[in-house]
Amino acid sequence: MGLRAVRQIGFLCLTASPRLALHALRIASSGSHGVLRLLMGVGVSRALAGGLELLLARYGDARTHEKYGKNTEIGRAGARLEGEFARSQPVAKRLTLRVEFSAGKGNWAGIPWIAFLDRRETATTRSGVYCVYLFREDMSGVYLTFMQGVTEATGSRGRKEGRRYLRENAGELRSKAASLAASGFSLDDDIDLRTDTSLGRDYEHSTIAYKFYARDEVPDDEVLLQDLEACLSAYDG
Numbered sequence: 278m279g280l281r282a283v284r285q286i287g288f289l290c291l292t293a294s295p296r297l298a299l300h301a302l303r304i305a306s307s308g309s310h311g312v313l314r315l316l317m318g319v320g321v322s323r324a325l326a327g328g329l330e331l332l333l334a335r336y337g338d339a340r341t342h343e344k345y346g347k348n349t350e351i352g353r354a355g356a357r358l359e360g361e362f363a364r365s366q367p368v369a370k371r372l373t374l375r376v377e378f379s380a381g382k383g384n385w386a387g388i389p390w391i392a393f394l395d396r397r398e399t400a401t402t403r404s405g406v407y408c409v410y411l412f413r414e415d416m417s418g419v420y421l422t423f424m425q426g427v428t429e430a431t432g433s434r435g436r437k438e439g440r441r442y443l444r445e446n447a448g449e450l451r452s453k454a455a456s457l458a459a460s461g462f463s464l465d466d467d468i469d470l471r472t473d474t475s476l477g478r479d480y481e482h483s484t485i486a487y488k489f490y491a492r493d494e495v496p497d498d499e500v501l502l503q504d505l506e507a508c509l510s511a512y513d514g
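Next up, the structure:
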């Protein structure tokens, strides 16, 4: 197989999954059968996984070198993910649920997120509880979390007292989300967003339950949606 063809296949795989792209050069050398196996792998549903991986791969560079804006690669990728999640079965069947992506307001956020907000509980990430993907600040992975809004808690109580309140409340809420343990979620205070920012620390104090996906190891959409359904079911309760 020619180098040009290998590069083209690698690019096609990268749009579906950065992890799949890493396999392109390894198996393309096995000839047409290897290429067939590779292209069959692209058929696995990875619209969500590919979008998450793209953010993990590109966000850090954009934050450092690019001007903030919605009409950027990151902004467009986030908008696509919003739509993909909104159309997914776990979200679409819940008519009161809204999906929101944020990479900051005016400037790139240290920790971008994708939130799932039930209007019966909250219309904003500032308060209430909700499910949300939180990206580590160093972009080494992303968490699916069940957490509390932090802005109102820390704003009305001060940061020190607000964090104490959030952590205590998280402990109490874990009894209602205990079913998440069966889906591989952790229910403790040990989430690590790899951040030294005050807001990032607030997020850590507010987290009720979490599940981690490492960069280049985000599972296929079927698994992501199973985990999201588990999180949303706990949210429903």
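Numbering (my numbering), first residue to last: 278 to 514.
All C-beta atoms, glycine included, are put in the ideal place defined by N, C-alpha and C.
- prompt: With a Cβ-Cβ cutoff of 8 Å, do Tyr442 and Tyr487 count as a contact?
  reply: Taking 8 Å as the Cβ cut-off, Tyr442 and Tyr487 do not qualify as a contacting pair.
- prompt: Nearest CA to the CA of Gly426: which residue from Met416, Tyr407, Ser433, Asp415?
  reply: Tyr407
task: Would you identify the three-state DSSP class for Tyr480, choosing helix, strand or coil?
output: Tyr480: helix per DSSP, three-state reduction.
- request: State the DSSP-derived secondary structure class of Lys488, mapped to helix, strand or coil.
  value: Correct three-state label for Lys488: strand.
query: Hey, out of Asp504, Tyr512, Ser417, whose CA is closest to Asp493's CA?
result: Ser417
task: For my contact list, Thr474 and Gly387 are in at a C-beta cut-off of 8 Å; report their separation, rounded to the angstrom.
output: 5 Å
- prompt: Can Val495 and Glu330 be called in contact, C-beta distance under 8 Å?
  reply: A contact, by the Cβ cut-off of 8 Å.
- request: In angstroms with no decimal places, state the Cα-to-Cα distance between Ala455 and Asp504.
  value: 14 Å
field: Arg371, DSSP secondary structure in three states
entry: Note: Arg371 maps to coil in three-state DSSP.
message: Looking only at its chain, what residues have a beta carbon closer than 8 Å to the beta carbon of Glu242, apart from the 5 residues adjacent to it on each side?
response: Coverage of the chain is limited to positions 278 through 514, which leaves residue 242 absent and any answer about it impossible.
query: Are three or more beta carbon pairs between the segment 354–363 and the segment 329–343 nearer than 8 Å?
result: yes
- request: State the DSSP-derived secondary structure class of Gly308, mapped to helix, strand or coil.
  value: Per-residue confidence for Gly308 stands at a pLDDT of 46, beneath the threshold of 50, marking its modelled position as unreliable; no derived number is given.
Coil, strand or helix - Leu333 by DSSP: helix
Contacting residues, own chain, Cβ-Cβ under 7 Å from Ser294 (five flanking each side not counted): Its pLDDT being 48, under 50, Ser294 is placed unreliably in this model, and the value from its coordinates should be taken loosely. The answer, listed in chain order, is Arg323, Ala326, Gly327, Glu330.
query: What is the rounded straight-line gap between the Cα of Gly381 and the Cα of Cys508?
result: 24 Å
- prompt: At what residues does the alpha helix (DSSP H) containing Tyr407 begin and finish?
  reply: It is not in any alpha helix (DSSP H) - Tyr407 instead sits in the beta strand (DSSP E) that spans 406–412.
Buried or exposed (CB count within 10 angstroms, at least 16 for buried), Arg403: exposed
task: Alpha carbon to alpha carbon, how far is Leu372 from Leu269? Give it in angstroms, no decimals.
output: An answer regarding residue 269 cannot be provided, because it is not within the stretch 278 to 514 covered by the chain.
- prompt: Does DSSP classify Thr422 as helix, strand or coil?
  reply: strand
- prompt: Expressed to the nearest angstrom, what Euclidean distance is found between the alpha-carbon atoms of Asp479 and Gln366?
  reply: Rounded to whole angstroms, Asp479 to Gln366 spans 31 Å at the Cα level.
message: Less than 8 Å between C-beta atoms, sequence neighbours within five positions excluded: which residues of the same chain meet that for Trp390?
response: Phe378, Ser379, Thr402, Val409, Tyr410, Leu411, Phe412
- prompt: Hey, how far is the Cα of Lys347 from the Cα of Trp385?
  reply: 10 Å
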